Amino acid sequence: MALIHSVAPLNCSNESNWFTAKNGKLILMQEAVPQNASIQCELQPFVFNDDFTVKTLDRSEAKHNMSLQTDFFKIQCAAADGKNYTNNHATIVPKESMNERANPVIGFNRPLNIYFLGFDSVSRMSFMRKLKETYKHITEELNGTVLEMYNVVGDGTPPALLPILTGKTEVELPETRKSQPNASFVDVYPFIWKELKRFGYATLFAEDVPSIGTYTYRLKGFKEQPTDHYLRNFYLKVERDTREYNPLCLGSESQYKVHLSYVEDFFTTYPREQPKFAFQIHVGYSHDDFNRVELADGPTVEHLKFFQGRYS
Numbered sequence: 002m003a004l005i006h007s008v009a010p011l012n013c014s015n016e017s018n019w020f021t022a023k024n025g026k027l028i029l030m031q032e033a034v035p036q037n038a039s040i041q042c043e044l045q046p047f048v049f050n051d052d053f054t055v056k057t058l059d060r061s062e063a064k065h066n067m068s069l070q071t072d073f074f075k076i077q078c079a080a081a082d083g084k085n086y087t088n089n090h091a092t093i094v095p096k097e098s099m100n101e102r103a104n105p106v107i108g109f110n111r112p113l114n115i116y117f118l119g120f121d122s123v124s125r126m127s128f129m130r131k132l133k134e135t136y137k138h139i140t141e142e143l144n145g146t147v148l149e150m151y152n153v154v155g156d157g158t159p160p161a162l163l164p165i166l167t168g169k170t171e172v173e174l175p176e177t178r179k180s181q182p183n184a185s186f187v188d189v190y191p192f193i194w195k196e197l198k199r200f201g202y203a204t205l206f207a208e209d210v211p212s213i214g215t216y217t218y219r220l221k222g223f224k225e226q227p228t229d230h231y232l233r234n235f236y237l238k239v240e241r242d243t244r245e246y247n248p249l250c251l252g253s254e255s256q257y258k259v260h261l262s263y264v265e266d267f268f269t270t271y272p273r274e275q276p277k278f279a280f281q282i283h284v285g286y287s288h289d290d291f292n293r294v295e296l297a298d299g300p301t302v303e304h305l306k307f308f309q310g311r312y313s
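Numbered according to my numbering, the sequence shown spans residues 2 to 313.
Rendered as structure tokens:
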């Protein structure tokens, strides 16, 4: 059991973020900025170009409570006292294209929301050992069902997730491996969110650590943005903008908290009657060291309580 041990608490930057974003609005954190010093800030949005590059848009002045046009943006500030602030932020800006979809069914026949939250490379037993409070909350507070006989159907993340999202194993799907001639982008896969969009669902797919992405490490990735809200491009920008990239922290926040907040924004920004599908896999805490996933225990419980408060 020497391989199983506790890890030190996560300590991110002591300097609080100067800005945050909520429900499509930019919020200046007055208590975090230098006191009695004027500040000048610029905001640069960025969007999906493909699974390996982002497209940056024109800069503008960043102002408190301004409406945001994209989910992701970079802010750079300079204060009169010489202090500086640079950070990338994520929020949810509703898609205008939602108005063109089938009207969601309202009333007793309203479709269920679907939310999948997973940790890469974590077995059921490791989950029980390292996410004790989360497991207790799911089984005792939520009366959740534990799939004790569930097993993966292949070696690696894509073989494990593809049957969940497409109903097929990788060998049953079109060729998408980078190493193979004439391989297709993974857009050709019959992902479940394609069908859900037809029924009026807003959709989200989120995964961190883009260097080992599920559909980009050995597969060709997406040519077109797969879901209405897609977090990969945010992490691409974060990795490339940060000289000493920290897969655990983003400024004063944990990257896992940024991950969870993005999904919470997704569920609060769209109307309650709008059916929603969210699928997120967190990699940073668990892929290389299953002990580290215990850092997610407390935040995950609070995340689940957020949904209890909203939908119970």
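Glycine included, each C-beta is placed from N, C-alpha and C at the ideal position.
Remember, predicted model here, so these are calculated numbers, not experimental data.
* Asked: DSSP on residue 82, reduced to helix/strand/coil?
  -> Residue 82 falls in the coil class under three-state DSSP.
* To do: Would you kindly check if the distance between the Cβ of residue 36 and the Cβ of residue 75 is under 8 Å?
  => No; because the gap between Cβ atoms is not below 8 Å, this pair is not in contact.
* Taking contact to mean at least 3 C-beta pairs separated by less than 8 Å, is the region 295-310 in contact with the region 130-137? -> The region 295-310 vs the region 130-137: in contact.
* Between which two residues does the alpha helix (DSSP H) harbouring residue 33 extend? -> Segment: none, residue 33 is in no alpha helix (DSSP H) and carries neither H nor E.
* Euclidean distance between Cα positions of residue 284 and residue 208 -> Each residue's Cα considered, the two are about 7 Å apart.
* Asked: To the nearest whole angstrom, what separates the beta carbons of residue 170 and residue 160, a pair I think is in contact under 8 Å?
  -> Between residue 170 and residue 160 a beta carbon distance of about 7 Å is seen, short of the 8 Å cut, so the two are scored as contacting.
* Would you kindly work out how many angstroms separate the C-alpha atoms of residue 27 and residue 191, rounded to a whole number? => The straight-line gap from Cα to Cα measures roughly 36 Å.
* State the CB to CB distance for the pair residue 51 and residue 233, rounded to an integer number of angstroms; the pair is presumed to be in contact (CB under 8 Å). => In this structure residue 51 is not in contact with residue 233, their Cβ atoms being roughly 10 Å apart against a cut-off of 8 Å.
* Would residue 151 be called buried (16 or more neighbouring beta carbons within 10 Å of its own) or exposed? -> By the 10 Å Cβ count, residue 151 comes out exposed.
* To do: Pull up the CB-CB distance for residue 278 and residue 197, whole angstroms please, since I reckon it's below 8 Å.
  => At roughly 5 Å, the Cβ-Cβ gap stays under 8 Å, so residue 278 and residue 197 are in contact.
* Which residue's Cα is closest to the Cα of residue 83: 125, 202, 131, 34? -> Checking every option, the nearest Cα to that of residue 83 belongs to 34.
* Write down the C-beta distance between residue 89 and residue 238 rounded to the nearest angstrom, noting that I regard them as a contact closer than 8 Å. => Between residue 238 and residue 89 the Cβ distance is about 6 Å, and since that is below 8 Å, they are a contact.
* Asked: Around the C-beta of residue 179, are 16 or more other C-beta atoms found within 10 angstroms, so that it is buried, or is it exposed?
  -> Counting every other CB atom within 10 Å of its CB across the protein chains shown gives residue 179 a total below 16, marking it as exposed.
* Asked: Between which two residues does the beta strand (DSSP E) containing residue 50 stretch?
  -> 40-51 is the extent of the beta strand (DSSP E) around residue 50.
* Beta-carbon proximity list for residue 132, same chain, < 6 Å, skipping 5 on both sides -> Here the set comprises 298.
* Asked: Looking at residue 121 and residue 92, is the spacing between their C-beta atoms short of 8 Å?
  -> One thing to note: residue 92 has its Cβ no nearer than 8 Å to the Cβ of residue 121.
* Are the CB atoms of residue 251 and residue 259 nearer to each other than 8 Å? -> Going by beta carbons, residue 251 and residue 259 fall inside the 8 Å limit.
* Taking residue 129 as the reference, which of 304, 294, 246 has the closest Cα? -> Closest by alpha carbon: 294.
* For residue 226 versus residue 47, is the C-beta spacing smaller than 8 Å? -> No; because the gap between Cβ atoms is not below 8 Å, this pair is not in contact.
* Asked: To which residues does DSSP link residue 260 through a beta bridge?
  -> Assignment of beta-bridge partners to residue 260 by DSSP yields no partner.
* Asked: Looking at the unbroken beta strand (DSSP E) that takes in residue 54, where does it start and where does it end?
  -> From DSSP, the beta strand (DSSP E) with residue 54 extends over 54-57.
* **N- and C-terminal bounds of the beta strand (DSSP E) containing residue 23** => Per DSSP, residue 23 belongs to the beta strand (DSSP E) from 20-23.
* **residue 206 and residue 231 closer than 8 Å at C-beta** => The Cβ atoms of residue 206 and residue 231 sit closer than 8 Å to each other.
* Rounded C-alpha distance that separates residue 15 from residue 87 -> Near 15 Å, if we compare the C-alpha coordinates of residue 87 and residue 15.
* **Those residues which DSSP pairs with residue 178 across a bridge** => According to DSSP, which records beta bridges pairwise, residue 178 is partnered with 220.
* Asked: Do residue 39 and residue 81 have their CB atoms nearer than 8 Å?
  -> In this structure, residue 81 lies closer than 8 Å to residue 39 by Cβ.
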